[in-house]
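Following: one structure in structure tokens, then a few remarks.
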Amino acid sequence: MRSPLLPFLALFVLAGCETLQLEEADFQEPDPILIGGPDQFRSDRPPADFAEFSVRTRRGNYETSVEEDRYDLLREAAVSYAAQAGYQHRVWEVMRQLERDSPKLSRTFDFNRVSYRAPRETGYILPPVVSRATAAINVDESGQSAVAADEFYRLEIPGRIVTIIPTWRDYLVIPLEEASEPDDDFLPQNKEEKQVFNRFAAEGWQAGVEQADEALGLNFSRLKRDYLGMVEYRRMVQAGLVKELVIQSSERRSAGDGDELFIGERRVQIVSSARFVRDPSQWKPLQRRYAVTK
108 MRSPLLPFLA LFVLAGCETL QLEEADFQEP DPILIGGPDQ FRSDRPPADF
158 AEFSVRTRRG NYETSVEEDR YDLLREAAVS YAAQAGYQHR VWEVMRQLER
208 DSPKLSRTFD FNRVSYRAPR ETGYILPPVV SRATAAINVD ESGQSAVAAD
258 EFYRLEIPGR IVTIIPTWRD YLVIPLEEAS EPDDDFLPQN KEEKQVFNRF
308 AAEGWQAGVE QADEALGLNF SRLKRDYLGM VEYRRMVQAG LVKELVIQSS
358 ERRSAGDGDE LFIGERRVQI VSSARFVRDP SQWKPLQRRY AVTK
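Residue numbers (the numbering used here): 108 to 401.
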């Protein structure tokens with residue numbers, strides 16, 4: 108068994124309007140969430156392993172030779188069906204490990220530590236995601252010029268307003284769906300067909316396991332990029348390398364039309380996105396605990 112992979116106002120205002128540039132000291136971090144579980148992302152009974160899968164796909168017991176057309180049909184059915192089952196079984200294994208490691212993951216990737224309360228109780232602000240590379244170099248297509256830099260930063264994802272703060276579960280938890288049962292016509296009917304089916308079923312099973320590992324690995328990389336990129340953004344704001352996003356908020360006593368009525372309506376809008384500060388005279392020393400790579 109492989110080791111588990113563990114390793115996101117042009118309105119008439121009655122009650123007031125304000126535009127503000129959020130400074131680090133003005134932000135209110137959300138209340139901490141309860142860390143840990145119990146989490147359960149899977150059924151108590153694991154999907155069939157390959158041995159059980161092989162037994163389950165046995166049909167018939169008469170002796171005939173395997174013709175070419177039948178051979179091709181068995182090969183395609185074996186690869187397809189086994190890949191689904193292998194994927195399902197591998198995901199189940201990893202979801203079980205995530206349940207065990209839920210408290211550690213919640214402490215490591217706590218998005219409450221990097222997000223802010225939006226003004227007027229209108230949700231939360233997820234900061235932009237910043238990527239960083241060192242010793243960066245770029246050569247143009249013609250090969251006639253190149254640009255190198257000691258450090259390279261890029262705003263990968265802009266800041267945004269959300270109603271719910273994400274957690275690591277939004278990135279790593281994969282819904283489990285049972286592999287579809289093939290028609291009996293696509294299953295082996297004798298010993299010779301079973302040999303053909305098992306040969307290609309093993310290949311399909313391994314392909315399904317690798318597909319699950321690849322999907323989970325990409326999800327984990329995206330989780331690390333987003334979370335550490337938000338941490339990097341906050342540090343760069345403190346160091347003066349990034350100009351903070353600007354938010355406009357407004358409030359009015361009532362709004363709506365004949366079919367809708369909003370009482371005490373509050374609105375928030377990001378009117379200026381975050382951007383880098385190119386003037387070195389405005390920078391401060393930047394202390395970093397995390398290595399953020401693109």
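All residues carry an ideal CB built from backbone N, CA and C; glycine is no exception. None of the values given here were measured: they were computed from a predicted structure.
How would you call residue i, buried or exposed, if buried means at least 16 neighbouring beta carbons within 10 angstroms?
| i | result |
| --- | --- |
| D333 | buried |
| R385 | exposed |
| R239 | buried |
| E200 | buried |
| L325 | exposed |
| I142 | Caution applies to I142, whose pLDDT of 49 falls short of 50 and renders its modelled position unreliable; the model cannot decide the point. |
| A398 | Unreliable positioning characterises A398 in this predicted model, as indicated by a pLDDT of 47, which lies under 50. A coordinate reading is not provided. |
| E170 | Confidence in E170 is poor, its pLDDT being 39 and thus under 50, which makes the residue's placement too unreliable to answer from. |
| F218 | buried |
| K391 | exposed |
| F216 | buried |
| E228 | exposed |
| Q296 | buried |
| L393 | exposed |
| T164 | With a pLDDT of 48 at T164, under the threshold of 50, the predicted position of this residue should be treated as unreliable, and no value is reported. |
| R261 | exposed |
| E288 | exposed |
| L294 | buried |
| P99 | Nothing about residue 99 can be reported from this structure: the residues present for the chain run from 108 to 401 only. |
Measuring CA to CA, which of the options is closest to residue i?
| i | options | result |
| --- | --- | --- |
| V198 | P282, R341, D292 | P282 |
| D292 | P235, D179, Q389 | D179 |
| A255 | N245, S249, L262 | N245 |
| P273 | P387, E285, G230, D176 | G230 |
| E351 | S380, E248, K331 | S380 |
| H196 | W312, P265, T215 | W312 |
| R214 | E288, Q389, R276, E358 | R276 |
| L335 | E183, P235, A184 | P235 |
| Q204 | R382, V280, F369 | V280 |
| D146 | K211, R207, P153 | R207 |
| A225 | F327, S356, D366, S249 | S356 |
| Y278 | A253, L330, R373 | L330 |
| I232 | A253, L212, G266, Q251 | G266 |
| K301 | F327, L181, Q251, A322 | L181 |
| Q376 | E358, I271, D364, D247 | E358 |
| E372 | R177, F327, R360 | R360 |
Between residue i and residue j, how many whole angstroms is the CB-CB distance? I'm expecting something under 8 Å.
| i | j | result |
| --- | --- | --- |
| V353 | V378 | 5 Å |
| A192 | G315 | 7 Å |
| E258 | T241 | 6 Å |
| A319 | Y194 | 5 Å |
| V237 | Y340 | 5 Å |
| V221 | V338 | 6 Å |
Could one say the Cβ of residue i lies closer than 8 Å to chain C's Cβ atoms, at least one of them?
| i | result |
| --- | --- |
| D217 | The chain inventory of the structure shown lacks chain C, comprising one protein chain alone. |
(Q) Report the start-end ranges of each beta strand (DSSP E) in the segment 336–390 that is 3 residues or longer and not cut off at the edges. (A) Whole beta strand (DSSP E) segments, 3+ residues: 353–363, 368–379.
(Q) So, does the segment 300–313 touch the segment 182–191, judging by three or more C-beta pairs under 8 Å? (A) In the pairwise beta carbon analysis, the segment 300–313 is classified as touching the segment 182–191: at least three pairs are separated by under 8 Å.
Q. Which parts of the segment 268–328 are runs of the alpha helix (DSSP H), unbroken and 4 residues or longer, counting only runs that do not cross its ends?
A. DSSP runs (the alpha helix (DSSP H)) wholly in the segment 268–328: 276–279.
Q: Note down, one range per segment and in chain order, each alpha helix (DSSP H) of at least 4 residues found wholly within the segment 199–244.
A: The segment 199–244 is shown to contain whole alpha helix (DSSP H) runs of 4 or more residues at 209–215, in chain order.
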